[in-house]
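Here the structure is laid out as structure tokens; the discussion comes afterwards.
There are 2 protein chains.
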Amino acid sequence: MSIRVGVIGGGQLARMMVPAAVNLGLDIRVLAEQEGMSARLATVEVGDYRDADTVLAFAETVDVITFDHEHVPQHVLRALVDAGVQVHPGPDALAVAQDKLLMRERLTELGLPVPDWARVHDQEELAAFLAEHGGKGVVKTPRGGYDGKGVRVVHGPNEVDDWFTALSEDANGGALLVEELVSFRRELAQLVARRPSGEVVPWRVVETVQLGGVCSEVIAPAPGSAGRLADTAEEIAVTVATALGVTGVLAVELFETDDDRLLINELAMRPHNSGHWTQDGSVTSQFEQHLRAVLDLPLGWTGCHRDWTVMVNVLGGPAEGTLDDRYPQVLGAHPLAKVHNYGKDPRPGRKVGHVNVAGDDLDDVVYEARAAAALLGAENA
Amino acid sequence: MSIRVGVIGGGQLARMMVPAAVNLGLDIRVLAEQEGMSARLATVEVGDYRDADTVLAFAETVDVITFDHEHVPQHVLRALVDAGVQVHPGPDALAVAQDKLLMRERLTELGLPVPDWARVHDQEELAAFLAEHGGKGVVKTPRGGYDGKGVRVVHGPNEVDDWFTALSEDANGGALLVEELVSFRRELAQLVARRPSGEVVPWRVVETVQLGGVCSEVIAPAPGSAGRLADTAEEIAVTVATALGVTGVLAVELFETDDDRLLINELAMRPHNSGHWTQDGSVTSQFEQHLRAVLDLPLGWTGCHRDWTVMVNVLGGPAEGTLDDRYPQVLGAHPLAKVHNYGKDPRPGRKVGHVNVAGDDLDDVVYEARAAAALLGAENA
């Protein structure tokens, strides 16, 4: 019988694990939130990932459990571990990805570089932090944020009163995270994979371009990163993965500050948008590596096929029709473009696919990837 | 709704179309011969491809029909076309792949280089051919042969009496194909894809190594082929694809003779073992290109990631256990190896998977690929 991998969550990350699973002869099963999701090509069961009984029953059909997202509640994760299920990443690591306050605490304890931050319970505490940071800051809800949601730049202590009110009503201690507004030159992401027995393998650090908090474009490797920058980014991510006991792919989002420091922005413990370029640019894709890691199999080589790989997201998609209606045009004009279509209906702002292009001239590669994404109806290209 | 591709046949070629279909957001459906076949990860229906009603009903669920093998009978193919189904490759092209006598006739009419051949109905005609060719030859049954089956080297006219007897009982005219025994330096394969509107795109010509009529190893591109050899091979395959109206991937197996000629050995009108290297060595894999071609979408770039890619088949597999039992060892020792596991039970002589390795030093690449295949239990490595 084949090795069976169970993925909780039916989005495009689960979907993109399918090709890697097919190649390696793994049996991939998905617990999806609803019918017809992006990962519908795998063996799909529909159920609520917040319900321990549902998830335990799903876990009985597989050899290891991993994730399309980080939202499975701790009590469900603990129930799995208590039942002897292999869960990767495990509850302790995921707790840090699930709570931004916990994340800042742990990273600070580890001596890793993060923006100045504080835990604030009310306007007064927030005002004190802002007063020390030029009257401005970034406030984040500790839980549930992604793609720019749950993040607000503030210039005064009364701009997140709605969040204070909401938090005072839940059980999370009623605190928000406030951070200094970092002056950064650009954003980077460092991906690594780590397996339970300890092996950690990085990819090259990449530059990410965000639009309104959503990833728009990734350049791999980050231009001008060879040497100190790459070494520092790698060291940070390896430290995080090892110290937190992350298993599977870990993405560390970084600011490259105007004064040449690297500061950790966010962590993600799963395949990540900033690693989609690996599908067509690296000997081992992040999806294959994630499966190898969660199965505690030796990790693959992460060298690049060409000097540059650029990924451009397709946000939104065509105003009329579907992505594949554009194939005659886009494939005809861009034979180098690798189109990834998540099988979702186009909708403004929605990630419906991406394009990868690899080559040795960065200008050409960027042009091809953006032009192909634009023909697919990307709002961002 | 997604574009739906129907594949007749549930073997590893159908299976390996799945990753390409996932990436492009195509819905792939397979009509398999039985439960649990290699392509079981796709949406699978089980049915007899020799039954027109079964195949017509399957065709109603998809937008185009293509194939994992070339054995669908002409009457079934014609019924599909008559019902208005898009069938690629079509019946006329497939007829040439299905009957080796018809193939030799058409290739000869087209003025393409083939070994000397004759249609022989009995011992006497065979004896006459052998007398003109040094007393030896290769006899082939016109239909149903593959992987060395239905092919016999003879040194006298009475060595295929069993086949003459069998043929006299069927409706195929009771003839066998006899060919000269070509003195060749090595075997090559030239793959191209052609789409209905006429575009044809080749990959680089490759060297194939056969063991007992079964493909064991492929080196891409064929060493020393740049220039005349590559141009000639490409010209032959483009001519065949265009003249026969092939749609999808066409593989032309070639002999490079001791006196420096290229002669056509066999044709295959589907993704082919000699093209598996493209999964990890070319910007566009043969499986993606086949899907694009049968949907009449513009074809992708077929450049290579690295100077060399080597594919080694895993014939047989481990004597005990399964392929994935060997993963800790093989993936640990060979981080560059891309393992493809068809999800079949190991059995002597059976193709159960393959390994691709790409790099810039041919000796290293060959070594890595063979060593990885050997650890997977390949009888041939």
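These protein sequences, in sequence, are chains A and B. Residue numbering for the first sequence follows my numbering, beginning at 397 and increasing consecutively. Residue numbering for the second sequence follows my numbering, beginning at 397 and increasing consecutively. Every residue, glycine too, gets a C-beta built ideally from N, C-alpha and C.
For residue i, three-class secondary structure by DSSP
i	result
residue 439 of chain A	strand
residue 399 of chain B	coil
residue 561 of chain B	helix
residue 703 of chain A	coil
residue 487 of chain A	helix
residue 482 of chain A	coil
residue 747 of chain A	strand
residue 603 of chain A	strand
residue 430 of chain A	coil
residue 497 of chain B	helix
residue 597 of chain B	strand
residue 630 of chain A	helix
residue 772 of chain A	coil
Closer than 9 Å to chain A by CB, residue i
i	result
residue 412 of chain B	yes
residue 457 of chain B	no
residue 763 of chain B	no
residue 426 of chain B	no
residue 718 of chain B	yes
residue 680 of chain B	yes
residue 727 of chain B	yes
residue 421 of chain B	yes
residue 731 of chain B	yes
residue 734 of chain B	yes
residue 469 of chain B	no
residue 724 of chain B	yes
Buried or exposed by the 16-neighbour rule on C-beta atoms within 10 Å, applied to residue i
i	result
residue 716 of chain A	exposed
residue 688 of chain A	buried
residue 433 of chain B	buried
residue 677 of chain B	buried
residue 744 of chain B	exposed
residue 554 of chain B	exposed
residue 619 of chain A	exposed
residue 359 of chain B	Residue numbering for chain B in the displayed model covers 397 to 777; residue 359 of chain B lies beyond these limits and cannot be assessed.
residue 545 of chain A	exposed
residue 750 of chain A	buried
residue 551 of chain A	exposed
residue 405 of chain A	buried
residue 675 of chain B	buried
residue 720 of chain B	buried
Residue-chain proximity (residue i, chain B), Cβ-Cβ < 9 Å
i	result
residue 553 of chain A	no
residue 749 of chain A	yes
residue 561 of chain A	no
residue 418 of chain A	yes
residue 737 of chain A	yes
residue 690 of chain A	no
residue 617 of chain A	no
residue 484 of chain A	no
residue 695 of chain A	yes
residue 754 of chain A	yes
residue 515 of chain A	no
residue 438 of chain A	yes
residue 675 of chain A	yes
residue 701 of chain A	yes
residue 564 of chain A	no
residue 415 of chain A	yes
residue 621 of chain A	no
Interface partners of residue i on chain E, CB under 7 Å
i	result
residue 445 of chain A	Judged by its chain identifiers, the structure shown contains no chain E, and its protein chains are A and B.
*Length-filtered (3 minimum) beta strand (DSSP E) runs lying within the stretch 635 to 662 of chain B*: For the stretch 635 to 662 of chain B, whole beta strand (DSSP E) runs of length 3 or above, ordered along the chain, are 644 to 653.
_Taking contact to mean 3 or more Cβ pairs, one atom from each stretch, closer than 8 Å, check whether the stretch 419 to 428 of chain B and the stretch 723 to 743 of chain A are in contact._
A contact exists between the stretch 419 to 428 of chain B and the stretch 723 to 743 of chain A.
_With a threshold of 8 Å, are at least 3 pairs of Cβ atoms found where one atom belongs to the stretch 605 to 612 of chain A and the other to the stretch 697 to 714 of chain A?_
Proximity of the stretch 605 to 612 of chain A to the stretch 697 to 714 of chain A meets the contact definition, three or more beta-carbon pairs being nearer than 8 Å.
_3 or more residues per run - each beta strand (DSSP E) lying fully within the stretch 501 to 561 of chain A_ = Within the stretch 501 to 561 of chain A, the complete beta strand (DSSP E) runs of at least 3 residues are 513 to 516, 533 to 536, 547 to 550.
*At a cut of 8 Å, does the stretch 762 to 773 of chain A reach the stretch 434 to 449 of chain A through at least three beta carbon pairs?*
Below 8 Å, too few C-beta pairs join the stretch 762 to 773 of chain A and the stretch 434 to 449 of chain A to call them touching: fewer than three.
_If contact is defined by three or more beta carbon pairs under 8 Å, each pair taking one atom from either stretch, is the stretch 641 to 650 of chain A in contact with the stretch 573 to 593 of chain A?_
Yes, the stretch 573 to 593 of chain A is in contact with the stretch 641 to 650 of chain A.
*asked:* Below 8 Å, how does it come out for the stretch 739 to 755 of chain B and the stretch 690 to 707 of chain B: are there three or more Cβ pairs, yes or no?
replied: Yes, since at least three Cβ pairs between the stretch 739 to 755 of chain B and the stretch 690 to 707 of chain B fall closer than 8 Å, the two stretches touch.
*Of all the alpha helix (DSSP H) runs that stay within the bounds of the stretch 669 to 736 of chain A, which reach a length of 4 or more residues?*
As far as the stretch 669 to 736 of chain A is concerned, its whole alpha helix (DSSP H) runs of at least 4 residues are 674 to 677, 682 to 690, 723 to 729.
*Using 8 Å as the threshold, is the stretch 460 to 477 of chain B in touch with the stretch 491 to 501 of chain B, meaning 3 or more CB pairs across them?*
Between the stretch 460 to 477 of chain B and the stretch 491 to 501 of chain B, the count of Cβ pairs shorter than 8 Å is three or higher; the stretches touch.
*Run through the stretch 443 to 478 of chain B for me and flag every whole beta strand (DSSP E) of 3 or more residues, listed as ranges in chain order.*
For the stretch 443 to 478 of chain B, whole beta strand (DSSP E) runs of length 3 or above, ordered along the chain, are 460 to 463.
*Could you tell me whether the stretch 712 to 727 of chain A touches the stretch 669 to 685 of chain A, where touching means 3 or more Cβ pairs closer than 8 Å?*
With a cut-off of 8 Å, the stretch 669 to 685 of chain A and the stretch 712 to 727 of chain A do not count as touching, because too few Cβ pairs lie within range.
*Would you say the stretch 475 to 484 of chain B touches the stretch 502 to 522 of chain B, given that touching needs at least three Cβ pairs under 8 Å?*
Too few Cβ pairs lie closer than 8 Å, so no.
*Are at least three pairs of beta-carbons, each pair with one atom in the stretch 519 to 537 of chain A and one in the stretch 570 to 580 of chain A, less than 8 Å apart?*
For the pair of segments examined, the stretch 519 to 537 of chain A was found to touch the stretch 570 to 580 of chain A: the number of CB pairs separated by less than 8 Å reaches three.
*Pair every Cβ in the stretch 597 to 605 of chain B with every Cβ in the stretch 447 to 456 of chain B, then say whether three or more of these pairs are closer than 8 Å.*
Too few Cβ pairs lie closer than 8 Å, so no.
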